[in-house]
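*Asks:* My structure is below; once you've seen it, I'll send some questions.
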Amino acid sequence: MAIRHYVLLATDGFIDLPTTKELCPLPDTLQKLYVFGFVGGLYKVIEDDKVTYENQSLNWKDPNNWSSLWAMQTTASIPSPIMWADQGDRLYVTLINLGMPVSHLEDPHTIHLHGAHVATQIDGFPETSFSVPMWMGPNETPPTATYYFMPEHPGTYMYHCHVEASEHVQMGMYGALVIYPSEISLEEASIKMDACGYWRYKGEIQEQIPRYASHRQFAYNDIQTYYDKEYVMLLSDIDLKWHQTVQTTVETGISFNASDFKPDFWLVNGRAFPDTLLPHPQTPPEGSNPNLTQINYESYVHVKTDQKFLLRMINMGYAVVPWHIHGWHFNVIGKDAHPSPFLSISQKLDEISKYMYCCYNSMNMNHGMMNHEMMNMGFTETIGSGETHDLLLMADNKEPVYGRYIFEGQDMIPSLCEQMSEIQAIDPALIADIPTQPVSCNNTNTVNYVNLCAQTKFFPQFYPMHNHDDYKVTNTNTLETPAFSNYPGGQLTMIQADAPSGYMESEQ
Ligand SMILES: [Cu+2]
27 MAIRHYVLLA TDGFIDLPTT KELCPLPDTL QKLYVFGFVG GLYKVIEDDK
77 VTYENQSLNW KDPNNWSSLW AMQTTASIPS PIMWADQGDR LYVTLINLGM
127 PVSHLEDPHT IHLHGAHVAT QIDGFPETSF SVPMWMGPNE TPPTATYYFM
177 PEHPGTYMYH CHVEASEHVQ MGMYGALVIY PSEISLEEAS IKMDACGYWR
227 YKGEIQEQIP RYASHRQFAY NDIQTYYDKE YVMLLSDIDL KWHQTVQTTV
277 ETGISFNASD FKPDFWLVNG RAFPDTLLPH PQTPPEGSNP NLTQINYESY
327 VHVKTDQKFL LRMINMGYAV VPWHIHGWHF NVIGKDAHPS PFLSISQKLD
377 EISKYMYCCY NSMNMNHGMM NHEMMNMGFT ETIGSGETHD LLLMADNKEP
427 VYGRYIFEGQ DMIPSLCEQM SEIQAIDPAL IADIPTQPVS CNNTNTVNYV
477 NLCAQTKFFP QFYPMHNHDD YKVTNTNTLE TPAFSNYPGG QLTMIQADAP
527 SGYMESEQ
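Going by this note's numbering, the sequence shown opens with residue 27, and the numbers climb by one from there.
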């Protein structure tokens, strides 16, 4: 059990949104967006009586820190910092209100841990509890309040300010909250790592789980929820006019009618495609403390073929999102921090069928129920506002089925590579250049399928995932009149699946 203490500071700021589909656009094509948000992050961790200060400068009790804390005014971005803990930890979040110097609004703020099973007093709904007033200057002690949460259920959560939530949420005051199973909670579910690093379930070694995998590679206290990599996909939508009205409301006296909400930007982890392919600015540098690097807002999914990956879908927007993933079908293993009931149903059916197989095989009984799958699978998941859905995917290998057709052709149809070289001869621009991970504006590595064909390379594979309200896969160019939309943009990102571990290209 650890005590994890975060310090969040509420303030305002600006983010840049792309208005075109260029990967690294010119600065004068960016739309400045006025936002509210929380800054700060993990302050300290107490574990086994050992105190680790992750960021001493967040210690608001020390007057020497007041000027640097005050200087965090106007640095808000979207989303707010990720918070995480293990089941059974004690999570504390101290809130400081830095005010909103850009708009001169003097609103109080709260932190509502959305989905957390907490007492009214610390639920962050100001109408039933309290809100935190503005700090009046770096020469005074900041007024604070500290929220407390003892997570009982692993899963994907979110947090947001609940003061005038229609406006403060639209303005960007939200972030992801992730709760992992603990070693103890897994053990209570008969899942335990042995002294040699093997994961065992009910005593049996689980070959599908690598040795020494972390307990934070399970989404739930269920053996079927192991993953190799995890990603947060926090979805939100932006109405530029609403943001502009809030920015000037103190001067103009004009406020925005929430029922006029009409979004023109759609974001994944605070960014619109193609920015979703770039490294996320909030990811700590490599080599940082594991407390800080445990989870991040990267949205370009980069895995190896045959790996399992978890998408923690969070919808903070005001519309339902039909999230569609190309390439593979997902298993919905949880919703709103509860494991899918299909997990235990399918496991019980497997156990029954194994028993039947053992006992009646000699009687030549049909054992077709072996490895029975009763799962909530799909390729488009409809995610309502305020919901979180955990999607588990296996990046299975397409080469055994598709490799021969692509490189050699089959059934009297020439190879796809041959067909593509004809297309290339007509118009080379029709063969896409795909930016590969890690993408950077200074050095964008790309591949295209004709290059891959020349090397008889099947990998990497690339698949998009996106909002299937496809008009939300655009970036609105609001800098020109009349405004127009550029496709692709908006709520779109990519999955890159590299060759499986130990794969030899010469095998092809
Ligand atoms: Cu607020």
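For each residue, glycine too, the CB sits at the ideal point set by N, CA and C.
1) Quick check: the Cα distance between residue 264 and residue 417, rounded to an integer number of angstroms?
2) How is the beta strand (DSSP E) around residue 217 delimited, first residue to last?
3) At a cut-off of 6 Å, is residue 128 close to ligand 1 when judged by its beta-carbon and the heavy atoms of the ligand?
4) Just the Cα atoms here: how many angstroms apart are residue 424 and residue 375?
5) Any heavy atom of ligand 3 closer than 6 Å to the CB of residue 187?
6) Among the residues of its own chain, which have a CB less than 8 Å from the CB of residue 155, if the five just before and after it don't count?
7) Just to confirm, is the Cβ distance from residue 241 to residue 62 under 7 Å?
8) Can you list the beta strand (DSSP E) stretches of 3 or more residues lying completely in the region 438-502, in chain order?
9) Helix, strand or coil: which one does DSSP assign to residue 18?
10) Measure the Cβ-Cβ separation of residue 535 and residue 419 and say whether it is below 7 Å.
11) Under the three-state reduction of DSSP, which class applies to residue 424: helix, strand or coil?
12) Where residue 67 and residue 462 are concerned, what is the direct C-alpha to C-alpha distance, given to the nearest angstrom?
13) Do the region 30-42 and the region 472-486 make contact, defined as three or more Cβ pairs closer than 8 Å?
14) Could you work out which residue in 35, 46, 111 is closest to residue 86 when comparing CA atoms only?
15) My understanding is that residue 516 touches residue 268, with C-beta atoms under 8 Å, so please give their C-beta distance in whole angstroms.
16) Given the structure, does residue 350 come close to ligand 1, in the sense that its CB is under 6 Å from one of the ligand's heavy atoms?
17) Can you tell me which of 451, 218, 211, 421 puts its alpha carbon nearest to the alpha carbon of residue 114?
18) Report all residues from its chain with a CB closer than 7 Å to the CB of residue 248; omit the five preceding and five following residues, and keep chain order.
19) DSSP three-state call for residue 286: helix, strand or coil?
20) With 16 other CB atoms within 10 Å as the buried threshold, where does residue 168 fall?
21) With respect to 6 Å, is the separation between the Cβ of residue 199 and the closest non-hydrogen atom of ligand 1 below this value?
22) Residue 494: beta carbon under 6 Å from a heavy atom of ligand 1?
23) State whether the region 270-283 contacts the region 347-367, with contact taken as three or more CB pairs (one from each stretch) at a distance under 8 Å.
24) Tell me whether residue 269, by its Cβ, gets closer than 6 Å to a heavy atom of ligand 1.
25) Taking the alpha carbon of residue 27 as the reference point, which residue from 122, 176, 64, 144 has its own alpha carbon closest?
26) Please state if the CB of residue 343 and the CB of residue 262 are separated by a distance shorter than 7 Å.
27) Is the beta carbon of residue 108 sitting closer than 7 Å to the one on residue 170?
28) Report the option in 272, 439, 205, 472 whose CA atom is closest to the CA atom of residue 243.
29) Could one say the Cβ of residue 223 lies closer than 7 Å to chain B's Cβ atoms, at least one of them?
30) Which residue wins for smallest C-alpha separation from residue 527, given the options 327, 309, 236?
31) Verify whether the separation of the beta carbon atoms of residue 501 and residue 44 is less than 7 Å.
32) Using three-state DSSP, classify residue 274 as helix, strand or coil.
33) Taking DSSP's pairing of strands, which residues face residue 31 in a bridge?
34) How far does the beta strand (DSSP E) with residue 349 in it reach, from first residue to last?
35) Could you check the C-alpha separation between residue 69 and residue 106 for me, to the nearest Å?
36) Looking at C-alpha atoms only, which residue of 163, 341, 324 is the closest neighbour of residue 141?
*Replies:* In short:
1) In the sequence shown, residue 264 corresponds to position 238, counting from 1. In the sequence shown, residue 417 corresponds to position 391, counting from 1. Between the C-alpha atoms of residue 264 and residue 417 there is a straight-line separation of about 25 Å.
2) In the sequence shown, residue 217 corresponds to position 191, counting from 1. Its beta strand (DSSP E) spans residues 217-219.
3) By one-based count along the sequence shown, residue 128 stands at place 102. At a threshold of 6 Å, residue 128 does not count as near ligand 1, since its beta carbon sits no closer than that to any of the ligand's heavy atoms.
4) Translated into the one-based positions of the sequence shown, residue 424 becomes position 398. Translated into the one-based positions of the sequence shown, residue 375 becomes position 349. Those two C-alpha atoms are separated by around 29 Å.
5) Looking at this structure, you won't find ligand 3 anywhere; what it does contain is ligand 1.
6) The sequence position of residue 155 within the sequence shown is 129, counting from 1. Result list for residue 155: 136, 146, 147, 148, 149, in chain order.
7) Residue mapping note: residue 241 aligns to position 215 of the sequence shown, counting from 1. Residue mapping note: residue 62 aligns to position 36 of the sequence shown, counting from 1. The answer is no: Cβ separation not under 7 Å.
8) Secondary structure within the region 438-502: the beta strand (DSSP E) runs of 3 or more consecutive residues, fully enclosed, are 487-493 (chain order).
9) The structure shown does not extend to residue 18, since the chain spans only 27 to 534, so no value can be given for it.
10) The first residue shown for the chain is 27 and the last is 534, placing residue 535 beyond what the model contains.
11) Residue 424 sits at position 398 when you count from the first residue of the sequence shown. Coil, per DSSP.
12) Within the sequence shown, residue 67 is the residue found at index 41, counting from 1. Within the sequence shown, residue 462 is the residue found at index 436, counting from 1. So the alpha carbons of these two residues sit roughly 30 Å apart.
13) No: fewer than three Cβ pairs fall under 8 Å.
14) Residue mapping note: residue 86 aligns to position 60 of the sequence shown, counting from 1. With distances taken between Cα atoms, residue 86 lies closest to 35.
15) On the sequence shown, residue 516 is found 490 positions in, with the first residue counted as 1. On the sequence shown, residue 268 is found 242 positions in, with the first residue counted as 1. Not confirmed; about 17 Å, so no contact.
16) For this step, residue 350 is matched to residue 324 along the sequence shown. No; taking the cut-off as 6 Å, the Cβ of residue 350 has no heavy atom of ligand 1 nearer than that.
17) As a working note, residue 114 is residue 88 in the sequence shown. Nearest neighbour of residue 114 by Cα position, chosen from 451, 218, 211, 421, turns out to be 211.
18) Mapped onto the sequence shown, residue 248 falls at position 222. Around residue 248: 215, 365, 369.
19) Here residue 286 corresponds to residue number 260 of the sequence shown, with the count starting at 1. Three-state DSSP puts residue 286 in a helix.
20) Here residue 168 refers to the residue found at position 142 when the sequence shown is read from its first residue. Residue 168 should be labelled buried.
21) Within the sequence shown, numbered from 1, the residue matching residue 199 stands at position 173. Yes; taking the cut-off as 6 Å, the Cβ of residue 199 has a heavy atom of ligand 1 nearer than that.
22) The count along the sequence shown starts at 1 and reaches residue 494 at position 468. The answer is no for residue 494.
23) The region 270-283 vs the region 347-367: no contact.
24) Counted from its first residue, the sequence shown places residue 269 at position 243. No, Cβ of residue 269 sits at least 6 Å from all heavy atoms of ligand 1.
25) Mapped onto the sequence shown, residue 27 falls at position 1. Nearest to residue 27 by alpha-carbon distance, out of 122, 176, 64, 144, is 176.
26) Taking the first residue of the sequence shown as position 1, residue 262 is located at position 236. Taking the first residue of the sequence shown as position 1, residue 343 is located at position 317. Their beta carbons are under 7 Å apart, which means residue 262 touches residue 343 by this criterion.
27) Taking the sequence shown and counting its residues from 1, one reaches residue 108 at position 82. Taking the sequence shown and counting its residues from 1, one reaches residue 170 at position 144. No, these two residues do not count as a Cβ contact at 7 Å.
28) By one-based count along the sequence shown, residue 243 stands at place 217. Looking at the Cα atoms, 205 is the closest of the given residues.
29) The chain labelled as chain B is not found in the depicted structure, where only one protein chain is given.
30) Along the sequence shown, one-based indexing puts residue 527 at 501. Ranked by Cα distance from residue 527, the first of 327, 309, 236 is 236.
31) To locate residue 501, count along the sequence shown from 1; it is residue 475. To locate residue 44, count along the sequence shown from 1; it is residue 18. Yes, the pair counts as a contact, with Cβ atoms nearer than the cut-off.
32) The residue labelled residue 274 in the question sits at position 248 within the sequence shown. The answer is helix: DSSP assigns residue 274 an H, G or I state.
33) For the purposes of this step, residue 31 is identified with residue 5 of the sequence shown, where counting begins at 1. DSSP lists 70, 118 as partners of residue 31.
34) Looking up residue 349 in the sequence shown gives position 323. Boundaries of the beta strand (DSSP E) harbouring residue 349: 347-351, taken from the DSSP string.
35) Within the sequence shown, the letter at position 43 stands for residue 69. Within the sequence shown, the letter at position 80 stands for residue 106. If you take the alpha carbons of residue 69 and residue 106, they lie about 15 Å apart.
36) Numbered from 1 along the sequence shown, position 115 holds the residue referred to as residue 141. For residue 141, the nearest C-alpha among the options comes from 341.
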